[in-house]
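Residue numbers (this note's numbering): 229 to 377. Worksheet: one structure, shown below.
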């Protein structure tokens, strides 16, 4: 109940990654995660991507930001069936890394990840991330205006 247009997303740790630029980040460097949805650009026909992100024909719109817990975890309610990507931010909200791919959560569902492009051949240690013990930030409000805690 209450998730007709939203789903939940949790991440165990943004630091668990197979991406060298993320592995180089010091623990605690990532303080926020920004969620950016892709809105079809008005009047624009889809075009082949020239390797840029986001791709042509898409206008990015900030859905919200969520603090990243000291262990690297986060937990949010987010608009369902909506393509979005993530940015990892430092304490000044400067982007440290942008995930150049779309993800989404289906309405009424829960989705979790180990980390940012985690190594698919490695299982994480059994742990309960701090963010799971908190109420999720609700980024799926009907007005969809971005906000931060």
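For every residue, glycine included, the Cβ atom is placed at its ideal position computed from N, Cα and C.
| Check | Outcome |
| --- | --- |
| Reference residue 366, options 284, 244, 257, 295, closest by Cα | 295 |
| C-alpha gap between residue 248 and residue 268, whole angstroms | 31 angstroms |
| Whole-Å CB distance - residue 281 paired with residue 311, under 8 angstroms assumed | Not a contact, Cβ separation roughly 13 angstroms. |
| Near the ligand HEM: residue 302 beta-carbon under 7 angstroms from a heavy atom | What this structure holds is no ligand at all, so the ligand HEM is not there to describe. |
| Cβ shell of residue 372 (< 8 angstroms), same chain only, five flanking positions each side left out | In this predicted model, residue 372 has a pLDDT of only 48, less than 50, meaning its place in the structure is not dependable enough to derive any value. |
| C-alpha distance - residue 262 paired with residue 293, whole-angstrom precision | 4 angstroms |
| Whole-number beta carbon distance between residue 338 and residue 233, since they are thought to touch under 8 angstroms | With 8 angstroms as the limit, residue 233 and residue 338 do not qualify as a contact, their Cβ atoms being about 15 angstroms apart. |
| Rounded C-alpha distance that separates residue 243 from residue 270 | 36 angstroms |
| Reduced DSSP category for residue 319 - H, G, I as helix; E, B as strand; rest coil | coil |
| Simplified DSSP assignment, three categories, for residue 309 | coil |
| Contact under 8 angstroms by Cβ, residue 250 with residue 289 | no |
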